[in-house]
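Residue numbering for the sequence shown follows the working numbering, beginning at 758 and increasing consecutively.
Here's the structure, in structure tokens; my notes come after.
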Amino acid sequence: MGLLEGKRLLVTGVLVDTSIAFHVARLAQQEGARVVLTAPGRQTRLTSAVSRRLPQEAPVVPLDVTSDEDLAALAERTREHVDGLDGVVHSIGFAPQSVMGGHFLDAAWDDVATAVHVSAYSLKALAVAAQPLLATPASVVGLTFDARYAWPVYDWMGVAKAAFESTARYLARDLGPEGVRVNLVSAGPIRTTAATHIPGFDQMEGGWSARAPLGWDSSDPEPTARAVCALLSDWFPATTGEVVHVDGGVHAMGQ
Ligand code: NAD
């Protein structure tokens, strides 16, 4: 029996086949899950095309996490494909280039606000929008980049990730009584579209492998996707508000 046998999962963030979420969806299906994808309206065609590369083609529901209309329609649109949800994956991040790449002191609030809206507040927005479909128990899993530190070039996206990590803890508090767990995977750098959109991403990635006791391959999203699947499974039944590091061990080293 697969790790996720019979689980009904909503997976956001499949843009292309390098997306972390693509590998989450692929592994989840291999482990027995039924997967529904979401994509912002302008990207649904691209996501539908990528979905054909999964073991089973998955339906795509339109969802821009900043659209109140999309959020209000999410449960109904998802219900066309599954009768409930055992898990939701938040794999969404965006910040205007002006707030990353060494512009911390110059960034304008409107651009910072976009980063926080799309990358942090959206975890609450997504969880609440999916709530009418959530089973008991259910698992919400998101992706972060360790927000305890000031990284080179990450700038306001790092601040947005700190807000995201805090949002996960408050959601864990408020949804726990409904049987909903909320956990994050803190991944090391992986060469995806979002990552290469960060001006100077090389500076974040540089030396990671040398610092990681286990080594690190930034072209391999599979270890991260596996951890997400594990958190979606029944094997973390008493874990919530947690951040699991999948970074080769860098977070635990002194330098
Ligand atoms: P990606 O570019 O493949 O995925 C980012 C996704 O965000 C895309 O699918 C995009 O459609 C979605 N998105 C952006 N704006 C949206 C909106 N308004 N509404 C709905 N969806 C929206 O890149 P990825 O690296 O797979 O990113 C997934 C998650 O992993 C992000 O939260 C990212 O911060 C996190 N993460 C990435 C790395 C890395 O090095 N790649 C490391 C740690 C954490």
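Even glycine gets a Cβ: it sits at the ideal position worked out from N, Cα and C.
Under the rule that 16 or more other beta-carbon atoms within 10 Å means buried, what is residue 982, buried or exposed? Per the 10 Å Cβ criterion, buried.
Are the stretch 812-827 and the stretch 877-894 in contact at 8 Å, needing three or more beta carbon pairs? Taking 8 Å as the limit for Cβ pairs, the verdict is that the stretch 877-894 does touch the stretch 812-827.
4 or more residues per run - each alpha helix (DSSP H) lying fully within the stretch 765-816: For the stretch 765-816, whole alpha helix (DSSP H) runs of length 4 or above, ordered along the chain, are 777-787 and 801-808.
Pick out whichever of 977, 958 and 870 has its Cα sitting closest to the Cα of residue 908. When each option's Cα is compared against that of residue 908, the closest is 958.
Which one of 795, 952, 845 and 780 has the shortest CA to CA distance from residue 978? For residue 978, the nearest C-alpha among the options comes from 780.
Run through DSSP, which three-state label would residue 827 get? Helix, per DSSP.
Helix, strand or coil: how does DSSP classify residue 843 here? Here residue 843 carries a strand assignment [DSSP, helix/strand/coil].
Residue span of the beta strand (DSSP E) that contains residue 897, given as start and end: According to the DSSP assignment, residue 897 belongs to the beta strand (DSSP E) that extends over 891-901.
If you run the structure through DSSP and keep just helix, strand and coil, what is residue 834? Residue 834: helix per DSSP, three-state reduction.
Quick check on the DSSP output: what are the complete alpha helix (DSSP H) runs of length 4 or more inside the stretch 929-1012, in order along the chain? Every unbroken stretch of the alpha helix (DSSP H) spanning 4 or more residues and falling wholly within the stretch 929-1012 is given here in chain order: 950-953, 958-962, 965-968 and 979-989.
Evaluate the contact criterion for the stretch 925-943 versus the stretch 988-1002: three or more CB pairs, one atom per stretch, below 8 Å. The stretch 925-943 vs the stretch 988-1002: in contact.
N- and C-terminal bounds of the alpha helix (DSSP H) containing residue 864: Element bounds for residue 864: n/a, residue is neither H nor E.
Kindly indicate which three-state DSSP category residue 856 falls into: helix, strand or coil? In the three-state reduction of the DSSP assignment, residue 856 falls in the helix class.
Any heavy atom of the ligand NAD closer than 7 Å to the beta-carbon of residue 797? If you check the C-beta of residue 797 against the ligand NAD, you find a heavy atom less than 7 Å away.
So, using beta-carbon positions, are residue 792 and residue 782 closer together than 8 Å? Closer than 8 Å, so yes.
Which one of 789, 836 and 806 has the shortest CA to CA distance from residue 892? Among 789, 836 and 806, the Cα nearest to that of residue 892 is on 836.
Just to confirm before moving on: does the CB-CB distance between residue 925 and residue 945 stay below 8 Å? No, these two residues do not count as a Cβ contact at 8 Å.
Closer than 7 Å: residue 912 CB and nearest the ligand NAD heavy atom: No heavy atom of the ligand NAD is found nearer than 7 Å to the CB of residue 912.
Looking only at its own chain, which residues have a Cβ that is under 7 Å from the Cβ of residue 868, when we skip the five neighbours before and after it? Setting aside the 5 residues that flank it on each side, residue 868 is surrounded in the same chain by 853, 855 and 856, each with a C-beta closer than 7 Å to its C-beta; the list follows chain order.
Could you compute how far the alpha carbon of residue 766 sits from the alpha carbon of residue 881? Approximately 17 Å, taken between the alpha carbons.
With which residues is residue 819 paired in a DSSP beta bridge? Per DSSP, 796.
Between which residues of its own chain and residue 828 is the CB-CB distance below 6 Å, once the five residues before and five after are set aside? Taken in chain order, the residues that qualify are 882 and 886.
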